[in-house]
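Presented below is the structure to which this report refers.
Numbering (the working numbering), first residue to last: 5 to 186.
Next comes the structure, spelled out in structure tokens:
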């Protein structure tokens with residue numbers, strides 16, 4: 005009996021520089037060794053209670069959408085308080101038996117705060133103003149760290165880091181969704 009091949013794909017990066025935060029994500033979704041879709045949109049703008057938040061996700065799409073809906077609910081309950089809403093989501097994700105099974109990670113920002121939220125109950129504020137998740141996340145993170153001291157603005161830096169990740173990671177492509185806030 006052969007195992008069903010796992011879904012792979014996604015590189016998401018968040019970069020805070022020059023008073024702006026950019027979240028960029030690639031569009032590739034792979035099943036085993038096959039690219040299923042090259043133009044998936046894994047970075048989204050949320051506007052709960054009139055406060056804009058940008059979120060990028062890696063992992064199962066259905067799971068990520070469930071988490072994004074929960075995050076919107078938390079943000080509506082605590083308008084303008086991304087940190088608090090993120091912690092509340094992480095607590096629920098860690099303790100709720102249904103949510104514990106969800107396989108995804110999130111990068112979220114309101115233009116000021118930048119967090120990585122995980123199912124282990126983590127709400128991490130990244131060092132060096134760069135967060136990256138997904139199969140090519142470490143490649144994008146390393147590239148962005150190397151570019152951070154240049155004169156590049158946040159969006160150009162994120163795009164260059166994603167291009168480097170796409171050149172290295174077979175589960176990442178160059179078809180980007182980019183959202184800027186701040």
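The beta carbon of each residue, even a glycine, is placed where N, CA and C say it ideally should be.
**Spatial distance of residue 126 from residue 99 (CA atoms)** = As a position in the chain shown, residue 126 is number 122, starting the count at 1. As a position in the chain shown, residue 99 is number 95, starting the count at 1. Whole-angstrom Cα-Cα distance: 12 Å.
**Message:** Considering just the uninterrupted stretch of the alpha helix (DSSP H) at residue 41, what are its terminal residues?
**Reply:** Here residue 41 refers to the residue found at position 37 when the chain shown is read from its first residue. Unbroken run through residue 41 is the beta strand (DSSP E), 38-41; no alpha helix (DSSP H).
**Asked** What residue from 117, 122, 35, 45 has the CA that sits closest to residue 131's CA?
**Response** On the chain shown, residue 131 is found 127 positions in, with the first residue counted as 1. With distances taken between Cα atoms, residue 131 lies closest to 117.
**Cβ-based burial, residue 30 [other Cβ within 10 Å; buried from 16]** = Taking the first residue of the chain shown as position 1, residue 30 is located at position 26. Classification of residue 30: buried, given that the 10 Å Cβ count is 16 or more.
**Request:** Hey, could you find the ends of the alpha helix (DSSP H) residue 91 is sitting in?
**Result:** The residue labelled residue 91 in the question sits at position 87 within the chain shown. Its alpha helix (DSSP H) spans residues 86-99.
**Message:** Suppose you measure from the CA of residue 63 to the CA of residue 155; what does that come to, to the nearest Å?
**Reply:** Taking the first residue of the chain shown as position 1, residue 63 is located at position 59. Taking the first residue of the chain shown as position 1, residue 155 is located at position 151. Going from the Cα of residue 63 to the Cα of residue 155 covers about 32 Å.
**Item:** Span of the alpha helix (DSSP H) around residue 74
**Value:** Locating residue 74 in the chain shown gives position 70, counting from the first residue. 65-81 is the extent of the alpha helix (DSSP H) around residue 74.
**residue 162 vs residue 112 beta-carbon contact at 8 Å** = By one-based count along the chain shown, residue 162 stands at place 158. By one-based count along the chain shown, residue 112 stands at place 108. Cβ distance not < 8 Å, so residue 162 and residue 112 don't count as in contact.
**Request:** Could you check what DSSP says for residue 156 in three-state terms: helix, strand or coil?
**Result:** Counting from 1 along the chain shown, the entry for residue 156 is found at position 152. Reduced to three states, the DSSP call for residue 156 is coil.
**Prompt:** Going by DSSP, what residues sit across from residue 47 in a beta bridge?
**Reply:** In the chain shown, residue 47 corresponds to position 43, counting from 1. 60.
**Prompt:** Pairing CB atoms from the segment 77-94 with CB atoms from the segment 142-151, are three or more of them under 8 Å?
**Reply:** Short answer: they don't touch.
**Asked** Can you tell me whether DSSP reads residue 148 as helix, strand or coil?
**Response** In the chain shown, the residue the question calls residue 148 occupies position 144. The answer is helix: DSSP assigns residue 148 an H, G or I state.
**Message:** Suppose the cutoff is 8 Å on Cβ atoms and the five residues either side in sequence are ignored; what does the same chain contact list for residue 95 look like?
**Reply:** For the purposes of this step, residue 95 is taken as residue 91 along the chain shown, with counting starting at 1. Answer for residue 95: 125, listed in chain order.
**Message:** Quick check on residue 8: buried or exposed, where buried means 16 or more other Cβ atoms within 10 Å of its Cβ?
**Reply:** Here residue 8 is taken as the residue at index 4 of the chain shown, counted from 1. Its pLDDT being 41, under 50, residue 8 is placed unreliably in this model, and the value from its coordinates should be taken loosely. Exposed, by the Cβ-count rule.
**Exposure label - residue 37; buried when at least 16 CB within 10 Å** = Here residue 37 corresponds to residue number 33 of the chain shown, with the count starting at 1. Exposed, since its Cβ has fewer than 16 Cβ neighbours within 10 Å.
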